[in-house]
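Enquirer: Here it is, the structure, as C-alpha cells.
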C-alpha cells in the first residue's frame, strides 16, 4: 500500500456558518482577469529576482563591503526622506504634539512651583528653618 501525505489545511478548510467571509476571501469575488494575473506574475518575478540578487550577495565568498537590500532602502526612504506622504498634520496630531511637547514642561513647572510654595509656607509658619546657603539669592 502506497503512503499518501495528509491533506493540506486548505483542502480541509470549511467556512464557518456563523461568520461571513470578507470580500478578499470570497471565491465569488476573485478577479482572475488575465491582466491581473499577468501583473501578479510580474511582481512575483521582480520579488524573486531581488531575493536571488540579495542572497547571492549575502552568500558571496568575497562579499562587498555593504550588502544593499532594496526593500530596506525603500523603507528607510519612506521613513526619513519622504515624510510628508506618510504624515499628515491633523488636529489630533497637533494636539498630541502639544501634549508630548508642552505636557512634561508644564508638569515640572507645576511640581517645582508647588514644592517651593509649600516650603515657603512652612518657613513662614516657623515649622521649617530656612537654609543658610541659597543657590538663588
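In my numbering, the protein residues as written are -6 to 130. Don't be surprised by glycine CBs; every beta carbon is placed ideally from N, CA and C.
#1: What residue range is occupied by the uninterrupted alpha helix (DSSP H) comprising residue 80?
#2: Check each candidate in 47, 99, 82, 125 and name the one with the smallest Cα separation from residue 66.
#3: Pull up the distance between the alpha-carbon of residue 55 and that of residue 37, whole angstroms please.
#4: Return helix, strand or coil for residue 122, following the three-state DSSP convention.
#5: In angstroms with no decimal places, state the Cα-to-Cα distance between residue 104 and residue 113.
#6: Can you list the alpha helix (DSSP H) stretches of 4 or more residues lying completely in the stretch 0 to 71, in chain order?
Expert: Once the coordinates are examined:
#1: For the purposes of this step, residue 80 is identified with residue 87 of the chain shown, where counting begins at 1. Premise fails: residue 80 is in no alpha helix (DSSP H) and is neither H nor E.
#2: Position 73 of the chain shown, counted from the first residue, corresponds to residue 66. The candidate whose alpha carbon is nearest that of residue 66 is 47.
#3: The residue you call residue 55 lines up with position 62 of the chain shown. The residue you call residue 37 lines up with position 44 of the chain shown. Near 29 Å, if we compare the C-alpha coordinates of residue 37 and residue 55.
#4: On the chain shown, residue 122 is found 129 positions in, with the first residue counted as 1. Three-state result, residue 122: coil.
#5: What you label residue 104 is simply residue 111 of the chain shown in a count that begins at 1. What you label residue 113 is simply residue 120 of the chain shown in a count that begins at 1. Roughly 14 Å separates the two Cα atoms.
#6: 2 to 5, 27 to 51, 63 to 69
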